[in-house]
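Going by the numbering used here, the sequence shown opens with residue 4, and the numbers climb by one from there.
Contents: one structure, followed by commentary.
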Amino acid sequence: MADLPQHVDIHEEGPREGFQIEPGPIPTAEKVALIEALSDTGLRHIQICSFVNPRLVPGWADAEAVAGGFRPKPGLDYVALWFNESGLRRALAFRDRLTITGSISLSASDAFSRKNLNRGHAENLEAMRKQTALHLAEGVPVTRVGVMAAFGCNYQGDISPGQVVQTVADGLAVAAEQGVSITDVSLADTMGWATPIRIERGVGAVRERWPDLRIGLHLHDTRGLAVANAHAGLRLGVAKFDSTVGGLGGCPFAGQKGAAGNICTEELALLCEEMGIETGIDLDALIEVGRLAERIVGHQLPSELIRAGSLTAFRRKLAA
């Protein structure tokens with residue numbers, strides 16, 4: 004357990020990830036209410052919306068209204084997602100409210116790249132060259148390479164650590180062409196193929212090749228292994244995770260309707276708390292926000308803590 008981090012940086016993606024897949028429509032005011040409630044839980048990073056084509060992702064047709072409608076809390080990073088120049092331009096209109104950073108976003112699966120972005124790996128590399136240049140021209144820092152489908156793909160099957168390493172290398176080459184220094188790599192289990200051993204092999208392969216890069220994990224709970232996979236990552240010293248309150252969300256292009264979304268933020272926080280790893284999160288407050296999220300979407304969410312609560316309340320009773 005010597006590699007356990009002392010503190011974990013949890014990036015909450017519930018609003019963006021969740022509302023992109025809900026059949027909805029979810030009122031803008033309720034999206035804003037969730038963002039503001041999350042802001043009071045101790046989270047430091049909240050992804051609030053996607054600036055994407057509303058025809059393809061109708062749940063984010065109101066991205067501008069949400070980005071302009073919430074009350075930012077000082078000291079928090081509010082971020083958004085985009086995939087092209089149009090999305091970036093829309094995000095830049097809220098530069099005074101959002102923390103805007105760029106990333107080189109690739110997929111270890113060529114098949115998923117075509118499903119998700121309508122372009123293969125080679126085409127996506129060219130798109131990332133142009134997007135990185137655009138980011139830099141707009142004064143937007145680019146410090147991250149993201150790898151989707153890093154542990155397996157519903158359209159292509161198993162993804163090897165070698166494929167992940169090559170994808171990261173391709174992203175770093177794009178960065179080098181632009182004179183960009185990459186500090187972070189995010190490995191995403193986009194379709195829930197990860198297992199603890201796959202996490203160990205994938206993270207290990209990237210770390211062995213680039214020991215100075217900070218590795219983060221974006222985990223989905225499609226097959227119920229997200230917490231086990233997070234535990235494997237923690238044991239390897241991974242200290243940055245994406246998650247969603249209540250387990251909101253899921254990728255609309257994963258080809259698996261009804262699959263569970265991301266690892267639940269409250270379950271990840273509980274895991275860390277019980278392992279003695281600091282998160283800065285008020286877990287009981289976060290659970291209440293999970294219950295709010297469940298009311299907003301109008302159906303049961305995957306989080307077990309929404310029903311069970313944390314261990315804190317029970318410990319208080321026992322100590323009384």
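Where a beta carbon is used, it is the ideal one built from N, C-alpha and C, also for glycine.
- In this chain, residue 76 is not harboured by any alpha helix (DSSP H), its DSSP state being neither H nor E.
- For residue 124, same chain residues with a beta-carbon under 6 Å away, outside a window of 5 residues either side, are 113, 116 in chain order.
- Between residue 110 and residue 152, the C-beta gap is smaller than 8 Å, which places the two residues in contact.
- In its chain, beyond the 5 residues on either side, 62, 300 have a beta carbon closer than 7 Å to the beta carbon of residue 25.
- Where residue 131 is concerned, the enclosing alpha helix (DSSP H) starts and stops at 124 to 140.
- Taking the Cα positions, residue 37 is about 7 Å away from residue 292.
- Residue range 164 to 180 is occupied by the alpha helix (DSSP H) that includes residue 180.
- DSSP places residue 234 in the helix class (H, G or I) of the three-state scheme.
- Using a Cβ distance threshold of 8 Å, residue 304 and residue 296 count as a contacting pair.
- The three-state secondary structure of residue 113, taken from DSSP, is helix.
- With contacts defined by Cβ atoms closer than 8 Å, residue 244 and residue 233 form a contacting pair.
- According to the DSSP secondary-structure assignment, residue 81 is paired through a beta bridge with 49.
- With contacts defined by Cβ atoms closer than 8 Å, residue 289 and residue 269 form a contacting pair.
- In the displayed model, residue 42 falls within coil according to three-state DSSP, outside both helix and strand.
- Contact between the stretch 220 to 227 and the stretch 169 to 186 is absent, with fewer than three C-beta pairs closer than 8 Å.
- Taking a contact as a CB-CB distance under 8 Å, the pair residue 172 and residue 202 does not count as one, their CB atoms being some 20 Å apart.
- Looking at the backbone, the Cα of residue 224 and that of residue 150 are separated by about 18 Å.
- Per DSSP, the continuous beta strand (DSSP E) segment holding residue 145 begins and ends at 145 to 151.
- Nearest neighbour of residue 147 by Cα position, chosen from 207, 72, 178, turns out to be 178.
- In this structure, the CA atom of residue 139 is about 52 Å from the CA atom of residue 319.
- In the three-state scheme derived from DSSP, where H, G and I count as helix and E and B as strand, residue 22 is classed as helix.
- By the CB criterion at 8 Å, residue 46 and residue 13 fall inside the cutoff.
- C-alpha of residue 15 to C-alpha of residue 144: approximately 21 Å in a straight line.
- Residue 157 sits in coil when the DSSP states are folded into three classes, being neither helix nor strand.
- If you compare the alpha carbons of 248, 322, 310 with that of residue 21, the shortest gap goes to 248.
- Shortest Cα-Cα distance from residue 90 to any of 79, 198, 70, 274 involves 70.
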